[in-house]
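K.L.:
Sending over a structure as structure tokens; questions will come in a sec.
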Amino acid sequence: EYKTHLNVVVIGHVDSGKSTTTGHLIYQCGGIDKRTIEKFEK
2 EYKTHLNVVV
12 IGHVDSGKST
22 TTGHLIYQCG
32 GIDKRTIEKF
42 EK
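Under the working numbering, the first residue of the sequence shown carries the number 2, and numbering increases by one thereafter.
Set out below in structure tokens:
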């Protein structure tokens, strides 16, 4: 399976939700496996 790499830059003010938005984007694109998610849900 071929996967395309994409570099993204997120710029914004302090406390504007950059990390939250980036994390959600990675999650929605399948960049985080279920095991990692379950680890942080505990």
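For every residue, glycine included, the Cβ atom is placed at its ideal position computed from N, Cα and C.
1. For K35, report the span of its alpha helix (DSSP H) as first-last.
2. Among the residues of its own chain, which have a CB less than 7 Å from the CB of S17, if the five just before and after it don't count?
3. Within its chain, find whatever has a CB closer than 7 Å to the CB of I33; leave out the 5 residues flanking it on each side and keep chain order.
4. Once DSSP output is grouped into helix, strand and coil, what is the label at H25?
P.N.:
A quick look at the data gives this:
1. Residue 35 sits at position 34 when you count from the first residue of the sequence shown. Where K35 is concerned, the enclosing alpha helix (DSSP H) stretches over K35 to E42.
2. One-based indexing of the sequence shown puts residue 17 at position 16. Taken in chain order, the list of residues that qualify is empty.
3. Numbered from 1 along the sequence shown, position 32 holds the residue referred to as residue 33. Excluding sequence neighbours, I33 sits near I27.
4. Along the sequence shown, one-based indexing puts residue 25 at 24. It is helical.
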